[in-house]
Ligand SMILES: Cc1ncc(C[n+]2csc(CCOP(=O)(O)OP(=O)(O)O)c2C)c(N)n1
Ligand SMILES: Cc1ncc(C[n+]2csc(CCOP(=O)(O)OP(=O)(O)O)c2C)c(N)n1
Ligand SMILES: [Mg+2]
Ligand SMILES: [Mg+2]
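This is the structure:
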């Protein structure tokens with residue numbers, strides 16, 4: 085493990101923040117305080133945090149509709165995220181984007197898109213730009229198993245391959261695209277295998293093992309920085325919650341969900357850190373509490389923030 | 085060889101018809117008699133004829149911008165093709181389609197498209213319809229190496245795979261998509277390998293060997309008819325002429341073109357038939373002459389055909 | 009008569025048509041067990057099975073391509089694109105292939121297919137899940153474009169769309185799904201290309217589409233209290249559209265407001281305004297034509313901004329009063 | 009002044025801008041050695057190399073996506089879509105992503121990218137290689153839409169488009185590429201959103217775009233012989249468009265014909281007609297607005313049908329005479 089103690093603790097903290105952020109917004113939603121829908125990544129925290137931890141702070145990410153975790157992993161200010169979630173002027177997008185479009189371009193978070201696969205073509209351009217500007221950065225592009233069946237996936241992976249772009253294509257395979265089981269949507273076992281069509285490495289990773297995710301992404305990052313081109317990493321994981329608020333979960337069984345809950349990536353990482361004497365149960369409690377507090381404060385911040393003004397409704401359409 | 089003598093002779097005749105048709109339209113074009121552009125498949129005749137020969141007459145094909153060969157292989161009436169080429173009312177499309185859109189739905193030729201890759205998604209629907217109507221037909225979808233980098237390719241092959249549709253995806257790899265060498269456009273050696281992404285067979289075939297093409301397509305057809313699903317067949321071949329009329333051929337060498345001309349698929353097949361005592365040089369001459377005559381007559385037919393009437397310009401927009 | 013929702017009316021049309029003709033099938037994402045993102049197809053899989061209520065991967069271009077291929081070989085597909093925003097992924101197959109195939113092939117192809125898709129804002133789903141893109145399709149010869157505003161129209165127009173031998177873009181509105189109205193149990197067709205006068209009136213004609221018909225009706229009730237009598241024309245089909253009914257109404261009232269949710273610039277209202285200004289009703293107009301459309305901005309997430317981005321009942325009332333000079 | 013072709017003017021703008029700013033690069037199919045399907049980029053690869061004149065596979069969606077990703081991270085891409093018809097494959101990235109990104113992200117993204125694409129019929133390339141789809145893009149907030157009609161405008165507008173920090177759809181016309189006109193050697197900008205009066209006149213205003221400007225000029229020369237004085241307004245930029253110049257011209261002449269090649273129904277002419285009929289110039293009009301657009305059919309292959317599918321010089325002359333009542 086090349087990771088410092090400090091970094092490992094930070095990673096666990098981020099996982100808790102993601103978990104608590106999402107539990108909180110789920111709750112706010114259930115109170116009817118939220119207009120719109122949202123997509124929770126509870127159960128998938130190891131992917132977001134493991135992957136982004138392998139990046140430097142000036143590297144880029146592209147996120148998805150299920151993107152809260154990616155943003156927090158990239159170091160987003162939870163206040164600004166929560167404010168955006170609640171549509172406030174102080175939010176990352178001045179209340180114009182909402183849950184599905186959190187972005188912070190200057191910190192390298194190039195934003196979430198509500199169109200499945202919509203970020204994949206963009207990531208090739210980011211890679212190209214890095215290459216042309218010779219900055220040594222990389223771009224990590226998140227997308228789901230469902231996105232891997234879109235034309236955008238194919239065109240983009242091909243482009244990244246022929247130009248050897250520094251892109252890490254990270255497929256979060258949570259077994260379903262909405263109600264569509266990946267087993268029905270794809271006729272092969274591993275999406276990672278599709279990298280063979282483009283001539284670069286494709287790897288399957290246990291997406292609930294944060295250190296495994298970290299390790300594989302780090303390898304891909306190194307490859308990308310050396311100018312050797314892109315990689316595809318498929319992280320097998322599972323979302324505990326419904327796809328979105330309209331989901332009645334009819335397409336999967338309670339047993340299946342339950343079995344994955346037993347594989348909770350946070351508990352697994354926590355236990356590992358304790359077993360390695362990096363943390364104690366007590367210290368974990370502190371980390372948990374800190375994370376909870378940050379979320380609570382963010383709700384306060386958001387609640388006390390002003391609504392965007394209707395007079396300024398046209399602001400931001402054009403430069 | 086399961087092919088009857090008669091069929092073999094018919095196949096050679098079709099190759100000649102394609103060659104002469106295209107030489108003729110090239111000539112008409114050079115005289116300034118043609119409005120528009122055209123894409124010649126001279127040098128690729130073995131693919132069209134070999135592949136379509138493995139079909140029954142009620143099977144379907146989908147063709148491309150470089151589609152004269154596919155149409156002739158499917159048994160098109162050369163008169164109606166030539167009339168269409170010259171924009172006449174008697175043409176397959178009443179002069180509305182031209183070189184890039186020859187179609188004859190009732191004979192199973194579902195038409196050519198000018199959009200690269202545009203026929204691939206359609207072919208999945210044809211396959212689905214065959215499956216739902218339980219007719220036992222198959223559909224053969226032609227496209228180029230360039231088309232294999234479009235999103236349409238990916239979405240369609242995936243769909244055909246998961247539903248086990250009776251589609252034969254036939255990639256005519258003539259080494260270039262316009263000026264783009266397939267070596268630059270694709271980072272792997274064989275496009276056929278991409279079938280692995282969908283879990284069905286992909287095969288590489290010498291596209292200048294008509295019997296090899298026939299054989300591999302026949303295998304795929306049998307598979308499809310048995311309900312085992314699609315196949316991808318990549319036929320390596322070469323176009324002798326420029327991409328279209330705007331091509332100055334700056335991106336490839338005279339030597340390269342010359343070396344492929346030595347591999348003429350028609351001469352190769354002819355020599356094979358002679359060596360197998362199926363034909364003699366004299367009989368071949370007759371076949372050639374017949375083909376030439378058919379083309380000449382078609383030019384006469386087209387020339388003597390009326391122009392479409394402007395009064396009827398709205399006909400055919402809606403049913 | 010029995011009242012059902014707009015969503016139920018659509019489902020009933022699908023069910024009855026599928027019973028009538030076994031060549032009709034549904035294709036799209038999450039239509040089966042999930043019942044569609046808005047529940048429109050809920051339950052149909054139980055009656056018709058997975059073959060005819062066909063869930064696809066997320067592949068919008070292929071969904072349309074597959075429909076087209078099936079349509080030209082004897083089937084009658086009804087595709088669903090989950091949100092109209094994602095139809096952007098399928099434009100090539102719709103515009104270059106489905107719309108043009110018949111003409112390009114000399115009139116010889118038959119392309120009986122429907123693409124159902126929900127448009128519109130109001131659900132807090134922000135810029136990429138709220139667009140109203142109908143105007144694009146009215147600009148494409150070979151397509152028909154249908155946009156029902158009531159459960160009654162939804163059923164009858166969908167039945168006609170399914171029976172039509174041309175590609176039809178059938179645009180639903182998310183906020184209408186739960187609205188109710190009287191709908192006959194039996195099958196009936198509403199011919200494509202025939203407008204409906206949703207309300208008779210004398211002082212002013214409002215031409216409205218989709219959800220704006222409902223808002224115009226609400227506005228007209230308010231306006232009535234102030235003595236302003238509004239006639240509401242719902243084109244129902246945007247391509248072909250019923251020029252005659254529109255023009256005759258304007259000739260009677262001499263004043264017109266056109267209302268749609270889509271961005272004002274380049275919206276379908278422009279076409280209607282243009283048609284009026286080119287026609288003989290031009291001479292009958294005693295005030296400039298008034299268009300109300302969405303602001304020329306992406307739909308914002310915030311509830312209040314979102315509401316302000318598209319015409320509301322009050323906006324229609326205000327415009328009407330201004331036009332009448334009250 | 010030196011005369012060069014429209015294609016050369018575009019090439020010169022690209023060359024001069026690429027010399028000025030090394031962040032500008034070209035991306036698209038067959039731009040390099042081939043020089044583009046219409047030869048517009050011919051020779052540029054010799055000066056700027058493969059990195060900055062970047063040939064792509066046939067992947068229109070990725071071409072636009074790659075441009076967008078580059079644009080938001082400091083580059084200034086100029087993409088080419090070989091025929092406007094194929095932009096249908098890239099609509100998702102253009103409309104949902106590039107156009108909306110800045111707004112959706114609270115104003116914080118900067119998206120300096122240009123998509124050049126040739127539109128129009130007249131080359132015998134039939135329905136899938138001849139479309140004029142500009143109206144779609146005028147309906148999308150966040151985009152700018154530019155459509156030059158002369159070599160001079162092409163150069164100045166392209167330079168402005170490249171320097172603009174928003175996504176610009178820059179629409180060229182195949183039949184204009186070989187037309188010539190005076191073009192300064194140095195760089196100059198023509199501001200986006202400013203119309204140009206291509207000809208002063210008194211009896212009638214013709215508002216025309218792209219190649220129709222040239223046809224209107226030819227028509228006006230004929231009409232002059234018959235004593236009809238035509239003013240020709242070329243919006244040049246369709247989004248944003250210069251309402252003021254249009255309206256003022258109409259106030260002076262009292263009559264207007266709008267001409268474009270795109271299908272009449274739902275075309276940009278509808279927006280112009282609507283704007284006029286909503287504005288104060290409505291009162292100055294002494295005849296109904298007249299729109300000339302392409303027929304509502306896919307472009308046919310046959311040369312004669314093709315010609316009849318879109319407005320020609322004689323059609324403009326005829327419409328003008330009818331409007332004037334001569
Ligand atoms: C192009 C497109 N099609 C459909 C949708 C509707 N939709 C939103 S999320 C989703 C499932 C996505 O599946 P996956 O990529 O596996 O991501 P996950 O939701 O599982 O994280 C669908 C179908 C969409 N947003 N975009
Ligand atoms: C979507 C699309 N992009 C670009 C073009 C322009 N174009 C026509 S043919 C062609 C090359 C096609 O290459 P390939 O698929 O290999 O077929 P080939 O011409 O070699 O037979 C291109 C780029 C097109 N017609 N459609
Ligand atoms: Mg998933
Ligand atoms: Mg090729």
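Residue numbers (my numbering), protein chains in the order written: chain A, 85 to 403; chain B, 85 to 403; chain C, 9 to 334; chain D, 9 to 334.
Note that the Cβ used here is the ideal one computed from N, Cα and C, for glycine as well.
Every value quoted in this text rests on a predicted model; they were computed, and no experiment measured them.
Contact of residue 65 of chain D with chain A by beta-carbon distance below 9 Å involves 239, 242, 243 and 246.
Per DSSP, the unbroken alpha helix (DSSP H) holding residue 75 of chain C starts and ends at 68-79. If you check the CB distance, residue 203 of chain D and residue 244 of chain D come in under 8 Å. Burial is judged here by how many other beta carbons sit within 10 angstroms of a residue's own beta carbon; residue 37 of chain D has at least 16 and is buried. Relative to ligand 1, even the nearest heavy atom lies 7 Å or more away from the CB of residue 106 of chain A. When Cβ pairs closer than 8 Å are counted between the two stretches, the region 141-160 of chain B is seen to touch the region 191-199 of chain B, the count reaching three or more. Counting only runs of 3+ residues, the beta strand (DSSP E) found wholly inside the region 139-215 of chain D occupies 152-154, 176-181, 188-190 and 204-207, in chain order. Taking a Cβ-Cβ threshold of 7 Å, the residues of chain A close to residue 305 of chain C are 397, 398 and 401, in chain order. Annotation: the region 285-332 of chain C contains the following complete segments of the beta strand (DSSP E) (minimum length 3 residues), in chain order: 298-302. From the beta-carbon of residue 206 of chain A, the residues of chain D found nearer than 7 Å are 73, 76, 77 and 105. For the pair residue 331 of chain A and residue 42 of chain C, the Cα-to-Cα distance works out to about 8 Å.
Closer than 8 Å to the CB of residue 322 of chain A there is not a single CB belonging to chain C. Assigned with DSSP and collapsed to three states, residue 225 of chain A falls in strand. In the three-state DSSP reduction, residue 334 of chain A falls in the coil class, being neither helix nor strand. Residue 129 of chain B counts as buried, since at least 16 other C-beta atoms from the protein chains shown sit within 10 angstroms of its C-beta. The secondary-structure analysis by DSSP pairs residue 264 of chain C across a beta bridge with C/213.
Going by beta carbons, residue 181 of chain A and residue 147 of chain A fall outside the 8 Å limit.
In summary, the residues of the region 80-91 of chain C whose CB is separated from some CB of chain B by less than 9 Å are 80, 81, 82, 83 and 85, in the order they occur in the chain. Checking the 7 Å criterion, the Cβ of residue 321 of chain B is out of range of every heavy atom belonging to ligand 2. For residue 24 of chain D, there are no C-beta contacts with chain C under 9 Å, since the nearest C-beta of that chain is about 32 Å from it. The secondary-structure analysis by DSSP pairs residue 33 of chain C across a beta bridge with C/85.
Within chain D, no residue has its CB atom less than 9 Å from the CB of residue 212 of chain B, the nearest being about 22 Å off. The DSSP assignment places 129-136 and 152-157 as complete runs of the alpha helix (DSSP H) inside the region 90-168 of chain A, in order along the chain (cut-off: 4 residues).
At a Cβ-Cβ threshold of 8 Å, residue 271 of chain A and residue 245 of chain B count as neighbours. Per the coordinates, the alpha-carbon of residue 344 of chain B lies some 7 Å from the alpha-carbon of residue 322 of chain B. Nearest CB-CB separation between residue 120 of chain A and chain C: below the 8 Å threshold.
Those residues whose C-beta sits under 6 Å from the nearest heavy atom of ligand 4 are, from N- to C-terminal order along the chain, B/228, B/229, B/230, B/258, B/260 and B/261. Within 7 Å of the C-beta of residue 123 of chain B there is at least one heavy atom belonging to ligand 2. DSSP places residue 235 of chain A in the uninterrupted alpha helix (DSSP H) bounded by 235-246. Shown here, residue 126 of chain C sits in a strand according to DSSP, grouped into three states. The beta carbons of residue 266 of chain C and residue 297 of chain C sit closer together than 8 Å. Under a 10 Å Cβ-count criterion, residue 178 of chain C is classified as buried, with 16 or more other Cβ atoms of the shown protein chains found around its own Cβ. The Cβ of residue 136 of chain D sits closer than 8 Å to at least one Cβ of chain C.
With contacts defined by Cβ atoms closer than 8 Å, residue 304 of chain D and residue 271 of chain D form a contacting pair. With its beta carbon less than 8 Å from one in chain B, residue 118 of chain C belongs to the interface. By the 16-neighbour rule on beta-carbons within 10 angstroms, residue 390 of chain B is exposed.
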